[in-house]
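Input: a single structure, listed below in structure tokens.
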Amino acid sequence: MFGVNENYQKLPGSYLFSRIAGKVNAFLQANPDQKVIRLGIGDVTQPLAPAIIDALHRAVDEMARAETFRGYAPDLGYEFLRSAIVENDYRARGCDISVDEIFISDGAKSDSANIQELFADCSRIAVCDPVYPVYVDSNVMAGRTGTYDAASEVWSDVIYMPCTMENGFVPEFPRETPDIIYLCLPNNPTGTTITKEQLQGWVDYAIKSGAVIIYDAAYEAYISEENVAHSIYECEGAKTCAIELRSFSKNAGFTGVRLGCTVVPKELRCGDVSLNAMWARRHGTKFNGAPYIVQRAGEAVYSEEGKAQLKEQVAYYMRNAAVIRDGLKEAGYTVFGGVNAPYIWMKTPEKMSSWDFFDYLLEKANVVGTPGSGFGPCGEGYFRLTAFGSYENTQEALERIRKSGC
Ligand code: MLT
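If you want it as structure tokens, here you go:
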């Protein structure tokens, strides 16, 4: 009789966004006439930029002709895309990253879940609390997190770094020494971030403690303030201690197209072992490359027209962020984020629990958000709204929240 990976049995409940989708579907079944506005999952709503659509069309046409048809993509990614990333995301910011340190993938979600495979089973992970659930869940599946305490909602072997109103959502160095530190900056879910000096502090800490940082930069396009790093490699020494995950989902609307990349510097080593070589080996074995047409679309993100169009798209979403942030503040709520990130993190009113506020807003305002406690125990009493809706729906949602009487 076969056995199963027992670690899966330890996972509590279902994936956060699946649970939310289930609740919304049940509500709609019971109330088919209600117009629900979804500001829950961070999924984009604006169409792909014209420069990207043109690139997709051209690539599709190439696939229709024998002379230009492409089969398997190179497993680490096409040179044209890897070079565009190096030039625009790194060299333009003074970061010395080379093409063979870039690994093209189908998105940052899968990379953020898969990257833990490179590390020893006994590695201790440190995560911010609240945190994007994929980092913890993927380590649960790998058997690295110990036992789960349902009452406190914490794993015995995970090091939690609370990020709350009291510490300005800035994680503090943990008392126990971690092996792997997950940082997502600008942050999902709190929408807040830290300064470049503070990030340098984390790099110094990781080097001193022999830890690796998994740095999720999925939201860097939304940074509006000076002195916030767009890449961890802007910090000195980061190439010896950090892996960076990047996504095309949020900066270019690729949530349904799927494209991302991971940077594993050659200087990142564990003794004699190169993590860059390990990730290349892993990619070669387990991944067959992102589609050619999608990689051409990714290349268009870095064209002059692409850059200009995407700047407008980011500004569109950030206008929504301002509508939510200012509207909630005016209505008397305590609100964070939304300045360097497309997420607004609010305190729930009247000490309501995160899930109670979710139900309340769904029923009274027909607005969907994400309960903060779904991201970890320190998220309890908070609620996340995304700026990725349409402008009209965002305005309408704010109006409804204001009228909901809470
Ligand atoms: C979120 O809502 O937290 C994100 O959209 C999830 C993701 O990017 O996978």
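In this note's numbering, the protein residues as written are 241 to 646. Ideal Cβ positions, reconstructed from N, Cα and C, are used throughout, including at glycine.
Excluding residues up to 5 positions away in sequence, G431, A561, R565, I584 lie with their Cβ nearer than 6 Å to the Cβ of G578 in the same chain.
At least one heavy atom of the ligand MLT is found less than 7 Å from the C-beta of K349. Leaving aside the five residues that flank D336 on each side, the residues in its chain whose CB is nearer than 8 Å to its CB run, in chain order, Y330, Y473, K479. Exclusion of the five residues before and after P418 leaves R364, I365, A366, I399, A451 as the residues of its chain whose Cβ lies within less than 7 Å of its Cβ. Residue state for A291 is assigned as helix, using DSSP reduced to three classes.
With a cutoff of 8 Å on beta-carbon distance, A299 and I533 are scored as near each other. Along the stretch 547-605, the alpha helix (DSSP H) occurs as fully enclosed runs of 4 or more residues at 594-605, listed in sequence order. Non-local beta-carbon contacts of L256 in its own chain, meaning distances under 8 Å to residues more than five positions away in sequence, involve P373, T610, G614, F615 in chain order. Here the stretch 462-472 lies against the stretch 436-443, with 3 or more beta-carbon pairs under 8 Å apart.
Within the same chain, A540, S543, E545, G546, Q549 come within 7 Å of A291 by CB-CB distance, once the 5 residues on both sides are set aside. Uninterrupted alpha helix (DSSP H) stretches at least 4 residues long and entirely within the stretch 416-501 occur at 436-449, 489-492, given in chain order. Where F320 is concerned, the enclosing alpha helix (DSSP H) starts and stops at 319-325. Cα atoms of V284 and S489: separation of roughly 8 Å, rounded to the nearest angstrom. Per DSSP, the beta bridge partners of S345 are G500.
In the DSSP assignment, D369 falls within the beta strand (DSSP E) that extends over 365-369. CA-to-CA, the gap between S644 and Q286 works out to about 27 Å. If you draw a straight line from the Cα of R415 to the Cα of V608, it is about 37 Å long.
For the pair I463 and G511, the Cα-to-Cα distance works out to about 36 Å. As DSSP reads the structure, S514 sits in a beta bridge with R509. The C-beta distance from F628 to P582 rounds to 6 Å, short enough to meet the 8 Å contact threshold. Under DSSP, M401 takes part in a beta bridge, and its partners are C368.
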